[in-house]
Amino acid sequence: MSSSTRVFRPAERVIGGHVGRHSAGKRVQPAQAAGLVPRVRHAIGYAILCLIALIFMAPLIYMVATSLKPDADVFTTPPTLWGSELRWQNYADVFSYQPFGRFILNGIVVAAVGTAINVSVAAFSGYAFSRLRWRGSSLVFMLFLATLMIPQDVLVIPMYVMMQNLGWVDTFQALIIPWAFTALGAFLLRQFFLTVPQELDDAARVDGAGTVRTFFEVMVPLARPTLAVLAVFTFINYWNSFLWPLVIVNDVNAHATIPLGLQAFFGQQGSEWSLVMAASVISMLPTVVILVLLQKHLVRGIVTSGLGGR
Amino acid sequence: MHESAPRRSAARKPTLAEAAVATVPVAGAGGPAEADGEREGGGREVGRRSWWGAAFATPHSVGLALFTVVPILASLVVSFMNWPMIGERSWSGFANYSKLFSDPIFWVVVRNTALYVVLYVPLNLVVSLGLAAWLTPRIRHRHIFRVLFFIPTITPLVANAVVWRMLYQPDGLIDATLQSTIGISAPNFLADQQWAMIAVVTMSVWAGFGYNMLIFSAALDAVPENQLEAAQLDGANAWRTFWLVKFPAISPSIFFATMMTLITSFQVFVQPFLLTKGGPGTATETLVQYIYNTGFQNQQLGLASAGAWVLFVIILGITAVQFLGQKRWVHYE
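These protein sequences, in sequence, are chains A and B.
First residue of the first sequence? That's 443 in the numbering used here, and the numbers climb one at a time after it.
First residue of the second sequence? That's 176 in the numbering used here, and the numbers climb one at a time after it.
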């Protein structure tokens, strides 16, 4: 644990703004002590920043507000934030028009199973590429890296043909399996295992542990933070994925995940904006919760490995 | 072949052992097979390790081969075939590619995609770099700002696009605000030839810049304090300090972000698909939507594969150019 936190020093400093808020506050002191003009300038700058953040958040605030309006109050001039009543019923309506509960459940199952497979195979291969010596290791690793260059969109068509041949069109395994083996995890875990001191392997070996026991009892526990980062990003990628479900799912009510379900809902109820916004809130909520709870892991993943780019 | 002696002391001197392992040829890699069997303990361990390494890498390798390497090669083959979704498949040589290049719509979507990239990438980089530079550790509650700006990056793009569809609507938030403040009505953004692409790009920048902002922000935090102090002692103001010290220091991050943003922006699909369906007409139809339509609406998988390969080659070309150009402005320590 201590060694892993040492590895992620730069990322930890990013979150430092969060942990060490008091020290950050202290650093403002000299500017404040410098006199009235810099202080006023600083305050104006801060106000502008808050204004930018507010404008930036306006679409999301308006989404939440609209999701609670009666449909008749949605388009008004001048625009208002609140309607004539807070209509929580919109959310119940969304669930009765389309099985959003089912979409959420589908999303969780697909993302969780896919993440579990991806993280497991990546832990093994990352260990193999970093600590075990075997013939062809570097060649295979180069091939892994090369596959990272391939855009998903290029794979969609042959993947669809493959699913046709397997008889997997419109199934959960077709949503999960094709993207469960992406190479990024192997790369990420290899980078991590390379930082683990060789002494740990050797000590385990002296204790009589073989390769498998060393891996499970020493290496996997050490790699837990990196595994968590990989898991969070893999989960979110699955959760937000749209093009592949659009292509492979026929029976939306049975197999759709959230983005496809929302798109279908938008197609049917597109004119009832308060319901569409309620559905959007439902779609966003799980990822926002993940962001708030796991911001540390997310920031670390982005900063150390460039995961999750858009 | 006297390495077995130092190798047995592995427990006490791990670094030596590591060095020894490195010098001993891996079993089967070159040394005579019987030499491997003759060795005591340590020798066998190398053999065993060699076997375990391949075994550990197998599940991932097999999965990757089946679901990435096979499909990418298959798509190249399919792109040279007449391959309808249902029915007779046949070899067609370069017919798909010549059909593609003579299709005026194809050139329209290539142009649209290029226009999107040209507008989106610089805007994304400027906004994310600007905000990252603004959100110095001196800014109070900077972590809250960071989380806020990051929200749309992590929420489903489909949901973000649906929300913006409402903002852009006639009588939507933007139109209604303009009408009630300055008394003019906004253009019908999503149905207007001139505005549709701008609307798509604006929404995309809003939804996408948070990711680069985090990367730049972390890189800026890592710029050594003494370099900044030196610049300040030399009398450089904030602007000059940024361009002369911070920008070169974080140029590897900017290079990385530029490349990732370029690659992903060529694959833009969700935003135009939900905001405009590619319209009005074909004003915002992108390459990936063209591939999707060709493959799954018109059910011509061969032609769609050819389109996908054109996209792939474009992305590879751009990446190569980036890598060649990086020497001129990226400074690695």
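Even glycine gets a Cβ: it sits at the ideal position worked out from N, Cα and C.
Using three-state DSSP, classify residue i as helix, strand or coil.
i: Pro246(B); result: helix
i: Ser225(B); result: helix
i: Trp504(B); result: coil
i: Ser580(A); result: helix
i: Trp266(B); result: strand
i: Thr459(B); result: coil
i: Ile373(B); result: helix
i: Leu733(A); result: helix
i: Trp530(A); result: coil
i: Met591(A); result: coil
i: Leu574(A); result: coil
i: Glu714(A); result: coil
i: Thr613(A); result: coil
i: Ile359(B); result: coil
i: Ala558(A); result: helix
Tell me where the alpha helix (DSSP H) around residue i begins and ends.
i: Lys274(B); result: Ala270 to Phe276
i: Asn335(B); result: Leu332 to Tyr343
i: Trp309(B); result: Pro279 to Trp309
i: Asp367(B); result: Taken as a continuous stretch (DSSP letters only), Asp367(B) belongs to no alpha helix (DSSP H), as it is neither H nor E.
i: Gln640(A); result: Gln640 to Val648
i: Val398(B); result: Looking at the DSSP string, Val398(B) is not in any alpha helix (DSSP H), and its letter there is neither H nor E.
i: Pro520(A); result: Careful: Pro520(A) lies outside any alpha helix (DSSP H) and carries neither H nor E.
i: Arg481(A); result: Leu478 to Ser509
i: Ala698(A); result: Here Ala698(A) belongs to no alpha helix (DSSP H), and DSSP marks it neither H nor E.
i: Leu450(B); result: Val445 to Leu450
i: Ile314(B); result: Ile314(B) -> no alpha helix (DSSP H), and no H or E assigned at all.
i: Pro512(A); result: Where Pro512(A) is concerned, there is no enclosing alpha helix (DSSP H), given that its DSSP letter is neither H nor E.
i: Leu437(B); result: Ser426 to Ser440
i: Leu669(A); result: Arg666 to Asn682
i: Gln540(A); result: Neither: Gln540(A) is in no alpha helix (DSSP H) and is coded neither H nor E.
i: Asp350(B); result: Leu348 to Thr356
By DSSP's criteria, residue i is part of a beta bridge. Which residues make up the other side?
i: Gln475(B); result: Pro259(B)
So with Cβ pairs under 7 Å, would you call residue i a contact of chain B?
i: Thr656(A); result: no
i: Phe677(A); result: no
i: Gln633(A); result: no
i: Ser509(A); result: no
i: Ala720(A); result: no
i: Ser716(A); result: no
i: Thr797(A); result: Residue 797(A) cannot be examined here, being either before or after the span of chain A that is shown, 443 to 752.
i: Val536(A); result: no
i: Tyr504(A); result: yes
i: Ala616(A); result: no
i: Gln710(A); result: no
i: Ser580(A); result: no
i: Leu736(A); result: no
Could you tell me which chain B residues have their CB closer than 7 Å to the CB of residue i, listed as they occur along the chain?
i: Tyr680(A); result: Ordered by position in chain B, no residue passes the 7 Å Cβ test against Tyr680(A), which lies about 11 Å from the chain.
i: Ala570(A); result: Gly228, Phe231 and Ala232
i: Leu574(A); result: Arg224, Trp227, Gly228 and Phe231
i: Met499(A); result: Leu323
Going along chain A, which residues have a C-beta under 8 Å from residue i?
i: Ala249(B); result: Pro600, Val603 and Met604
i: Gly453(B); result: By Cβ distance, chain A contributes nothing, its closest Cβ being about 14 Å from Gly453(B), past 8 Å.
i: Gln442(B); result: Pro593, Gln594 and Asp595
i: Thr330(B); result: Asn682, Ser725, Met726, Thr729 and Val730
i: Ser480(B); result: Ile599 and Pro600
i: Val253(B); result: Ile599, Pro600 and Val603
Does the beta carbon of residue i come closer than 7 Å to any beta carbon on chain A?
i: Gln354(B); result: yes
i: Lys421(B); result: no
i: His506(B); result: no
i: Val333(B); result: yes
i: Gly238(B); result: yes
i: Ala351(B); result: yes
i: Ala194(B); result: Any answer about Ala194(B) is weak, because its pLDDT of 34 lies below 50 and its placement is not dependable; what the coordinates show is given next. No - not a single Cβ of chain A is within 7 Å of the one on Ala194(B).
i: Thr243(B); result: yes
i: Leu348(B); result: yes
i: Tyr430(B); result: In the sequence as displayed, the identity of residue 430(B) is Phe instead of Tyr. For Phe430(B), the answer is no, since every Cβ of chain A falls outside 7 Å of its Cβ.
Name the chain A residues whose beta carbon is nearer than 7 Å to that of residue i?
i: Trp309(B); result: Leu491
i: Gly470(B); result: Ile599
i: Val445(B); result: Phe684
Name the chain A residues that come within less than 9 Å of residue i, Cβ to Cβ?
i: Trp484(B); result: Val596
i: Ile466(B); result: Asp595, Val596, Val598 and Ile599
So which residues on chain B does residue i lean against when the C-beta distance must stay under 9 Å?
i: Val638(A); result: Here the premise fails: no neighbours, minimum Cβ distance about 12 Å.
i: Val694(A); result: Near Val694(A) there are no residues of chain B at all, since even the closest Cβ is about 13 Å away, more than 9 Å.
So, is the C-beta of residue i closer than 7 Å to a C-beta in chain E?
i: Val375(B); result: This model lacks chain E altogether, as its protein chains are A and B.
For a contact meaning CB atoms closer than 8 Å, what does residue i contact in chain B?
i: Ser567(A); result: Phe231, Ala232, Pro234, His235 and Ser236
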